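Residue numbers (the numbering used here): 1168 to 1409.
C-beta atoms are modelled at their ideal positions from N, C-alpha and C, and glycine is treated no differently.
Here the structure is a predicted model, which means the values were calculated and not measured.
Now the structure itself:
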């Protein structure tokens, strides 16, 4: 008898998009391979797709499929073997006053206001600067897999950071994180350290961090978490410099 996920996987269709300007390496043209129809992609199916290098944006499940570029490399962190660096321990301690709250994906005006502030300061000029509430909801609050929203607040109740994560069969997938751009202390790094602890508490071995691009300065932080693996030719391997 076939595994319950075999039949839906075989019924998925995969198509390649037209070329578009790469948001990470602007001088290059990007294309994506998209899995469809989206209503068949539940948590089990999506877990298998993530193993093959896919990600999601709302209901859109994709992976890079560029004609002459392989810069985007899926990256996952081995949470059981991970040991924080001195800098990461210092960042973790600096934010030990934050309190996390886990909830289903939901709309909150306070979250959207923080998202807009983050986008305007950290990604000025990006397409998401003028996102409407509908676009925000479609991007981050729409999911057919097991997803959670995590908010981080100070002891006084001030919102500092929001993370969206997917719970997979063998790990967590970091969908998106945004935070107070005026807050000191590398909140983005702290968010990943929190997700590592969450993986361990759930008994999950991997934290999927999306794509890593060696040439992109914005992506450099991901490779600072070790040991990690890169998906190359459909095989997860530790990089040579690990």
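**Request:** Could you work out which residue in 1403, 1394 and 1407 is closest to residue 1244 when comparing CA atoms only?
**Result:** Of the candidates 1403, 1394 and 1407, the one whose C-alpha sits nearest the C-alpha of residue 1244 is 1394.
**Item:** Where residue 1184 falls: helix, strand or coil (DSSP)
**Value:** coil
**Message:** Which runs of the alpha helix (DSSP H) at least 4 residues long sit entirely within the stretch 1222–1303? Give them in chain order.
**Reply:** 1253–1261 and 1276–1289
**Asked** Starting from residue 1316 and walking both ways along the beta strand (DSSP E), at which residues does that stretch end?
**Response** 1314–1320
**Request:** Please report the Cβ distance between residue 1327 and residue 1347, rounded to the nearest whole angstrom; I am assuming they are in contact, meaning their Cβ atoms lie under 8 Å.
**Result:** 5 Å
**Request:** From the DSSP output, in three-state form, read off residue 1208 for me.
**Result:** coil
**Request:** Return the chain-ordered list of same chain residues with a C-beta closer than 8 Å to the C-beta of residue 1272, the five sequence neighbours on each side being excluded.
**Result:** 1307, 1308, 1309, 1310, 1314, 1315, 1316 and 1331
**Request:** Under 7 Å Cβ to Cβ from residue 1264, same chain only, skipping five residues before and after it: list those, please.
**Result:** 1321 and 1322
**Asked** Is the stretch 1245–1260 touching the stretch 1206–1225 in the sense that three or more CB pairs, one from each, lie closer than 8 Å?
**Response** no
**Message:** Buried or exposed for residue 1197, going by 16 or more other Cβ atoms inside 10 Å?
**Reply:** When all chains shown are included, residue 1197 counts as buried.
**Close-in-space but distant-in-sequence residues of the same chain around residue 1269 (CB under 8 Å, 5 per side omitted)** = 1315, 1316 and 1317
**Message:** One question on the structure: do residue 1341 and residue 1369 come within less than 8 Å of each other, judged by their Cβ atoms?
**Reply:** Result no, Cβ atoms of residue 1341 and residue 1369 do not sit closer than 8 Å.
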